[in-house]
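Take the sequence shown: its letters are residues 29 to 106, numbered as in our numbering.
Don't be surprised by glycine CBs; every beta carbon is placed ideally from N, CA and C.
Reviewing the structure listed below.
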Amino acid sequence: MEGDIAELGKFVGAGLAALGSGTAAIGVGHVAGNFLSGALRNPSAAGGQTATLFIGIAFAEALGIFSFLVALLLMFAV
Numbered sequence: 029m030e031g032d033i034a035e036l037g038k039f040v041g042a043g044l045a046a047l048g049s050g051t052a053a054i055g056v057g058h059v060a061g062n063f064l065s066g067a068l069r070n071p072s073a074a075g076g077q078t079a080t081l082f083i084g085i086a087f088a089e090a091l092g093i094f095s096f097l098v099a100l101l102l103m104f105a106v
């Protein structure tokens, strides 16, 4: 009985940590959408902001990958 509750807690914690992967997709959508909105308003400045776009997408994806790794660690390493 005691091991079953610990196993349940491990999977619930891993599921909650995996939610970060889904929210990272939302973050990438916001970054790209805001860039597109700004680029449509001022097309001449869009070329200078492309590097900032890729940096923002990389940070948002990195957070999703980190949350996925935490979920895997909770499921298999503990």
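Ranked by how close their Cα comes to the Cα of G92, the residues A46, A42, V40 have A46 in first place. For A99 and A60, the gap between their C-alpha atoms comes out near 26 Å. In the three-state reduction of the DSSP assignment, N62 falls in the helix class. For the 7 Å CB-CB criterion, A90 and V56 do not form a contact.
Here K38 is actually not in contact with L97; their C-beta atoms are around 15 Å apart, not less than 8 Å.
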